[in-house]
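First the structure, in the form of C-alpha cells, and then the observations on it.
Protein chains: 2
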Amino acid sequence: MDALESLRARLGELADLTSVEMLLGWDQLVMMPPEGAAARAQQLGTLARLAHERATAEEIGGWLGELDASDLDELNTDIVRLARRDWERARRVPDDLAAELARASTDGQEIWRVARERDDFKAFAPALERNVELARAYGACVAEGDQSAYEGLLGDYDFGLATNDLRDVFGALAAALGPLVAEARIHSPRRTLQVPVEAQRLAVEATLGRLGVEASSWRVDVSAHPFTAWMSRRDTRVTTRYSDGEVESLLSSLHEYGHALYERQIDPALERTNLGHGTSMSIHESQSKLWENHVARSPAFAEVLAGELQLGGFTVTAADLHATLVGVEPTAIRVSADPLTYPLHIILRFELELALIDGTLAVTDLPDAWREGMRRLLGVEVPSDALGCLQDVHWGAGSFGYFPSYALGCLIAAQLWEAMQADVGDLEELLRNCEVTPIQQWLAEHVHRHGRRLDTIALVEHATGRRPQIESFLRHVSPLLSA
Amino acid sequence: MDALESLRARLGELADLTSVEMLLGWDQLVMMPPEGAAARAQQLGTLARLAHERATAEEIGGWLGELDASDLDELNTDIVRLARRDWERARRVPDDLAAELARASTDGQEIWRVARERDDFKAFAPALERNVELARAYGACVAEGDQSAYEGLLGDYDFGLATNDLRDVFGALAAALGPLVAEARIHSPRRTLQVPVEAQRLAVEATLGRLGVEASSWRVDVSAHPFTAWMSRRDTRVTTRYSDGEVESLLSSLHEYGHALYERQIDPALERTNLGHGTSMSIHESQSKLWENHVARSPAFAEVLAGELQLGGFTVTAADLHATLVGVEPTAIRVSADPLTYPLHIILRFELELALIDGTLAVTDLPDAWREGMRRLLGVEVPSDALGCLQDVHWGAGSFGYFPSYALGCLIAAQLWEAMQADVGDLEELLRNCEVTPIQQWLAEHVHRHGRRLDTIALVEHATGRRPQIESFLRHVSPLLSA
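Line order of the protein sequences matches chains D and Y.
Residue numbering for the first sequence follows the working numbering, starting at 1 and increasing by one per position.
Residue numbering for the second sequence follows the working numbering, starting at 1 and increasing by one per position.
Put into C-alpha cells, the structure is as follows:
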C-alpha cells in the first residue's frame, strides 16, 4: 500500500471505531439493562484508548510526510488536510494530561451530581477549580498560532472560531434581545397544553414518517433525554420522550430529526473518511434548531402537527398549538427556556466560562457572577445555586467552549432559513402542506453534503453569503413581539 | 507495568473487544434497520482485524517469555497457560490463509444460500471444495503434536477432543439409538398443539421470570433465529421467536436460558480475563440442552408450563403438553428433529465432514453419501439436496468440526443431570414447583464457575466422575419407549 492508501485505511478504521462507540452509547441509553453499566464503561474506555492510540500513531506522521500534495485530487487534498490537522492537534496533548482530563471529567460529573442535589456549590468548587486548570492547560496545548487557551478549547467543537468575534456577536445579540423580552411576554405569553402521551406519540410518529423516517433505515425510540445517534448513513436512530401535559416531544423530535438529516445527507463519497461527519457543533445545532424553530414552531407547520394530534383523538387549533410552542417567559433554567430567551442563557455561560479560563473570574465568585448575569440579561432572580450555576453538567464534565454552539446554532439556523427562502420561495406554503423535499434538498446542497470539508465560518459564508450575524434571528423572533 | 500486568491489560482489552463484537452482532439481528447492514459488516470487519492484531502481537510473546511460572498464583497460572496456548495457536495461521478463510466463508455462505434455494448442489460444489481445502490447511496449521487436521479443527470449538474418541462414542450411540426409533414412534408419536402466539409469549416471559430473568440485568427480545448474547456477566440478552401452531418457543427460550446462565455464573474473578467465558461449544450446548431436554421436556416441568399458558387463556393438561414436547418422528431436517433422533443427524454430519477433511470422501460424492447415511441412521429417504446435504449453513461458511458439539452437548447434559440428581435429590419434585435454585447452584459449583480453567473432558470428569459417555442419555430417552 502506498502512503495515501495506508492513511485512508487508517481513517476508515477510525470512522468505524467512532460508529461503534456511538452504538455502545445508544445501546446504553436505550436498550442496556442497568446492571450492564460498569462493564459498558470498561468497553467504552477500551475503545477510546484504542482509537486514540491509532489516531495519534507515529506512522500517520510518516504517511503524511511521504504524500506529495501535487498528486492529490480535490477530495484527497481535503482528506489529507484534515488528517494532518487532527493528527497534529491530538499529538500536542501529553498522555499524562489526557489521562488526567478523563479522570477529572468522570470525577467532576459525580461530584457535580451530588452537589446539585444538595444545592452545595462549596462541595463542587474544588472539582470545578481542577477542571478549569486542566482545561486551561489543554486549551493552551491545542491552541493554534496566537490563539488564547479558550480559543483552543473552542476549536474542539467549532474549529476556527475567535473569541473576539463571539464577544461581538453575543454582545450585540444580548443588547438587542434584552428589551424585547418584556414585550414578548405580553404578546406571546407562555401557555400550557394538556396533550395525552398517546396522542403525542402518534403525532410524532406520523410527522416523522411524513419527513421520510422509515423503518428500513431509521429507528425511533424513547430515552430519558432525547438524542440522535448515527451508526452509518443508512442507520439513524433518534430518541424522544413523552410527558403528560407537555408538548416538548413535538419540538424535540423535530430537533433530533435535524441532527439526523444532516448526517444522512453528507456526500456518500465521504463515508469512512475523516470528512464524513457534521463539521462542527454549531452547524449541527443549526440543523436541529432549523427544524425545531423554523419548522416545528412555524404557524404553517402547526397546522400539520395539529392534524396529526387528531390521530390520537386530541383536538387543538393550529393557532393555539402554535401559541403554545412559542410562548415566552424568562426562567432560571436553560433547558426549558423559550426560543427568544434561550440565547441569553448561553451568552451568560459564554461570558462566565471565558472569564474562568482567562483567570479573570475566580471559581469562588461564580455563584454571585451567575446571579448578577441572570438579573442583567434576563431579569430573573436565581432562587438557588442548584437552579443557578449548578444546573448544567458541562463544566462538571470539564467541557468549556461547548456552550457558544447552542446560541450560534440559533443564529445560523435563522440565517440559513432566510437564504433558503430566497432560493426556494414561500417556505410557509410548503410547510403548510408538509412538502419538505425542497427544504431537504436545499440543505443537502448548501450545508450537508460538504461534511467536514468546510469549517463553520466558511460553510455559513458559502451557504448564505455572510458570516454568522444576528439580524436573521431577530427577524425570526419579531412575530413574537406583536399579536 | 511488569509482564503480568501488561499481559492482563491486553487480555482485558481483548475481552472488551469480544463483548463489543457480540453487541454489534446482537444489535444487527434484533435492532438494526436493515439498510445498516453494509456498514455493520465494515464495523465488524474492523473490530475483528484489530482484535486479531492485538491477540497475535509479538509483544505478547515477550511478556510470556519474561514471566516466571514459579511467581504465579493458581489463577494467574491458568491465565498464562491459556494465553500461551491461544497466542501460539493464532500465530500458527499465516495472515494470507486467515484472510483467504474469511473471504471464502463470506463467499461460501452466499453461494450456499442461492444453491439451496435452487436445490442445486452442483452450483455449491466448487465453493465447498474450496472450503474443504482451506479447512484442511487451517486444521493442519493449528493441530497440536500428532493430531490430524480434523482434530486441529475440532480444537477451535472443543480443545482436546480426539477423533477416535468421537468415533467410539458416536458409533455406540448410533448403534444404540437406531433400534429405539421405531419403538419411540409408536409410544411417543409426534403431536401438534395450536397455541396462540400471545399465550406463548406470556408463558415464556412468566417462566423465564420464575427462573430469575429480570429487567435489571436481562433482555428478552424477538429475532428470526433464537440466540443468546452476553455483553457482560450482568448484561445478558436472550431472544426467542413465536409461530402460531408451534410450541418451539417454550423449548427454545429454555435452551437459550441455559446458555445465558452458564456465562452469568462464571466466577466474577475471571471477568475481563481470557478465562471468563464458557470453555467449549459442547459444554455450552450441554447447558442449553440441560434446560431444554431435562427441564422443559420433563413431565414435572410441563405442569409449570401448562400453568403459565393459562395466563394467555390457553388450557392444556400437563400430560398433553409434555407429550407434544417429546414426540418422536424421524425427519430429514435437523433443526426440527425430536430429542431422540437429533443426535443421529449430528452423527451423520460428523462422519461426512471427517471423511471430507481426511480426503476419503470427494465433494461430488457428498449428496449420495448423505442419502445413504440418512437411510442407514434414520430410515429417512431424502427428498432433495435442499432438504439433504444443503440444509445447514455450516460447511458453506467453512465451519468443520463444530457439529459434534451438538450431540456431545446432549450426552453431557444427561450425564450432568444424573450427577446432579445424585447430589441434590429428587429433581422432578423441584421442577414440579419450579424450585430451580438448587439446580442453578449445582451447575454454578460444578460447571459454570470454572470458565475456561478446565477443558471439556476435564470438566465433565470433574463434575460427573466420568468422561463423556452415552449411558446417561440412553436412560434419559428410555421413557419415550414405553407409554
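Glycine residues also receive a C-beta, built at the ideal position from the N, C-alpha and C atoms.
The model shown is predicted, which means the values in this text are computed figures rather than measured ones.
Three-way DSSP call (helix, strand, coil) for residue i in this model
i      : result
D:P487 : Here chain D has residues from 1 to 483 only, and residue 487 of chain D is not among them.
Y:D146 : coil
Y:D244 : coil
Y:D221 : strand
Y:S336 : helix
D:P268 : helix
Y:I60  : helix
D:T437 : helix
Y:T279 : coil
D:L166 : helix
Y:D455 : coil
Y:G388 : coil
D:L211 : coil
D:Y402 : coil
Y:D158 : coil
Y:W370 : helix
Y:R92  : coil
Y:E470 : Looking at the sequence shown, residue 470 of chain Y is not Glu but Ile. Coil at Y:I470, not helix or strand.
Y:M32  : coil
Y:A362 : coil
Y:T341 : coil
Y:W87  : helix
Y:T273 : coil
D:D320 : helix
Y:A397 : coil
Y:R118 : coil
D:P226 : coil
Residues sharing a beta bridge with residue i, DSSP
i      : result
Y:D235 : Y:S232
Y:P189 : Y:V328
Nearest candidate by alpha-carbon position, reference residue i, set the options
i      : options                           : result
D:R272 : Y:A41, Y:D27 and Y:D16            : Y:A41
Y:A15  : Y:A127, Y:V363 and Y:W230         : Y:W230
Y:A127 : Y:V363, Y:R376, Y:S405 and Y:R241 : Y:V363
D:F124 : D:E471, D:Q441 and D:L366         : D:L366
Y:G373 : Y:G388, Y:W112 and Y:G359         : Y:G388
D:R49  : Y:A269, Y:A143, Y:I60 and Y:E13   : Y:E13
D:E59  : D:T240, D:L340, D:V197 and D:D2   : D:D2
D:R375 : D:E133, D:P330 and D:S405         : D:P330
D:R91  : D:A102, D:D73 and D:Y138          : D:Y138
D:S243 : D:T236, D:L180, D:V204 and D:R210 : D:V204
Y:S19  : Y:L454, Y:L47 and Y:D107          : Y:L47
D:P189 : D:L443, D:P339 and D:V382         : D:P339
Y:E353 : Y:V197, Y:T341, Y:R241 and Y:F403 : Y:F403
D:A104 : D:D119, D:E133 and D:V93          : D:E133
Y:W442 : Y:M22, Y:R432, Y:N433 and Y:E418  : Y:E418
Supposed close pair residue i, residue j - CB separation, criterion 8 Å
i      : j      : result
D:R456 : D:S280 : The displayed chain sequence assigns Thr, not Arg, to residue 456 of chain D. D:T456 to D:S280, Cβ: 5 Å. Contact.
D:G312 : D:L202 : 4 Å
Y:G276 : Y:G451 : 5 Å
Y:V157 : Y:G398 : Note on identity: in this sequence residue 157 of chain Y is Tyr, with Val being the wrong assignment. Incorrect: roughly 13 Å between the Cβ atoms, too far for contact.
D:S282 : D:S405 : 4 Å
Y:H448 : Y:Y262 : 5 Å
D:L480 : D:H187 : 6 Å
Y:R264 : Y:W26  : Not a contact, Cβ separation roughly 16 Å.
Test: residue i CB closer than 9 Å to a CB of chain C
i     : result
Y:R92 : No chain C appears in the structure shown, which is made up of the protein chains D and Y.
Contact between the stretch 412-419 of chain D and the stretch 463-478 of chain D: three or more CB pairs below 8 Å? yes
Is it a yes or a no for the stretch 251-268 of chain D touching the stretch 46-56 of chain Y, going by three-plus beta-carbon pairs under 8 Å? no
Tell me, please, whether the stretch 214-225 of chain D touches the stretch 17-33 of chain Y by the rule of three or more beta-carbon pairs shorter than 8 Å. yes
Could you check whether the stretch 275-295 of chain D touches the stretch 255-267 of chain D, counting it as contact only if at least three pairs of C-beta atoms, one from each stretch, sit closer than 8 Å? yes
Report yes or no: do three or more beta-carbon pairs, one from the stretch 223-234 of chain Y and one from the stretch 200-215 of chain Y, lie closer than 8 Å? no
Report yes or no: do three or more beta-carbon pairs, one from the stretch 346-363 of chain Y and one from the stretch 392-406 of chain Y, lie closer than 8 Å? yes
Would the stretch 78-90 of chain D and the stretch 108-117 of chain D be scored as touching if the rule is three or more Cβ pairs under 8 Å? no
Could you say if the stretch 67-77 of chain D and the stretch 353-362 of chain D meet the contact criterion of at least three C-beta pairs nearer than 8 Å? no
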